[in-house]
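Just below is one structure, and these are the notes that go with it.
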Amino acid sequence: MGFLHLFQGALMLLIATPGEAEIWTTFQGYENGMIVPVKDIIASVPLAPLVASFLFVSAIAHFSLSTFANKWYVDNLKKGVNYARWLEYSISSSIMIVLIAFLVGISELSSLILIFSLNATMNLFGWMMELHNQTTKKTDWTAYMFGCFAGFVPWVVLGIYFFGAIFQNADAVPTFVYAIFFVLAAFFNVFAINMVLQYRAKGKWADYLYGEKVYIILSLTAKSTLAWLVFGGTYRF
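Basically my numbering = 1-based index in the sequence shown + 51.
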């Protein structure tokens, strides 16, 4: 899996276009004694390297767990936990959602920081879910519910911008933006469903390792799909 992520990321850098997204913020200004917001562009982010970066994060995680961190990884799996998964997801999926934010029109610095942080928090609640339920006889869903809330809020914000653009001028919204928004929203929900199935321990999910395999497949599928959809979108910047 690590090589698949690495190959895709490297390929994107080789064929990348110079598309960039501007990040801006507003500062307090004064005009004729009145307080007015002053918009300031503080950075231009090259999109193709940013797309490749979350693939590289995943590649690093896979290579680490298959080499020097393998014993720690295997020992944790025997306990029914995988802390490395949540740490990696907290970085890679947060970069993913920031890229989606760019594509729906969110480029204000504070908003991007909050979207990244809330999504990372959602994944860290996944860590807490596994940590708290290692020895419990009955599953405690508190961390799961808090994680769902943290993960839901960024999608509300994305939806406001996405559907706002549609209501304003649906014809102007590129098809790939529709695909990215709905496909990735579906993928994010499937990850949550997989966790529910793991803790319900029904059918094949009674084996923790089966759920782990599903996570690995979902991770590769979701990241590859988003990466190439967004990469195609960089040609419009």
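Note that the Cβ used here is the ideal one computed from N, Cα and C, for glycine as well.
Closest Cα partner of residue i within the set the options
i, options, result
"V241", "F203, V149, L269, F78", "L269"
"G131", "A252, G70, V108, A236", "A252"
"A112", "L55, S161, M180", "L55"
"E159", "G53, A72, A120", "A72"
"G215", "F203, I157, H183, W192", "I157"
"L209", "M147, Q249, K255", "M147"
"A201", "Y259, A221, D222, F167", "F167"
"L101", "Y266, L64, N121, Y134", "L64"
"F205", "K188, W192, V149", "The amino acid at residue 205 is misidentified as Phe; the sequence shows Pro. Residue V149 is the option with its Cα nearest to P205."
"L235", "F176, T276, T68", "T276"
"F203", "A221, H183, L165, N220", "L165"
"F239", "K264, F213, Y259, K274", "K274"
"A194", "W178, Q185, T186", "W178"
For residue i, three-class secondary structure by DSSP
i, result
"F167", "helix"
"Q249", "helix"
"F176", "helix"
"S158", "coil"
"A319", "What is shown of the chain runs 52 to 288, which leaves residue 319 out entirely."
"A216", "helix"
"P225", "coil"
"P88", "strand"
"A67", "coil"
"G284", "helix"
"G60", "helix"
"T276", "helix"
"M52", "coil"
Residues near residue i in its chain [Cβ-Cβ closer than 7 Å; skip 5 each side]
i, result
"S144", "N170, N174"
"A243", "C199"
"V96", "E71, A72, I74"
"G262", "N245, L248, Q249, W256"
"E139", "V108, S109, A112"
8 Å CB neighbourhood of residue i in its chain, flanking five on each side removed
i, result
"G80", "I86, V87, P88, V89"
"W75", "K90, D91, I92, I93, S158, E159, L160"
"A61", "A103"
"I267", "M52"
Bridge partners - residue i, DSSP secondary structure assignment
i, result
"A194", "Its beta-bridge partners do not exist; DSSP assigns none."
"A236", "BP columns for A236 are empty, so no partner."
"V96", "A72"
"G210", "DSSP output for G210 lists no bridge partner at all."
"Q79", "P88"
Neighbourhood of residue i by C-beta distance below 6 Å, restricted to the same chain and skipping five residues each side
i, result
"F114", "G53"
"I211", "none"
"V155", "L209, Y212, F213"
Residue-chain proximity (residue i, chain B), Cβ-Cβ < 8 Å
i, result
"T190", "Among the chains of the structure shown, chain B does not appear; only one protein chain is present."
Practice item. Report yes or no: do the segment 156-174 and the segment 221-233 share at least 3 C-beta pairs separated by less than 8 Å? Key: no
Review point. Between the segment 216-227 and the segment 267-284, do three or more beta carbon pairs fall short of 8 Å?
Key: yes
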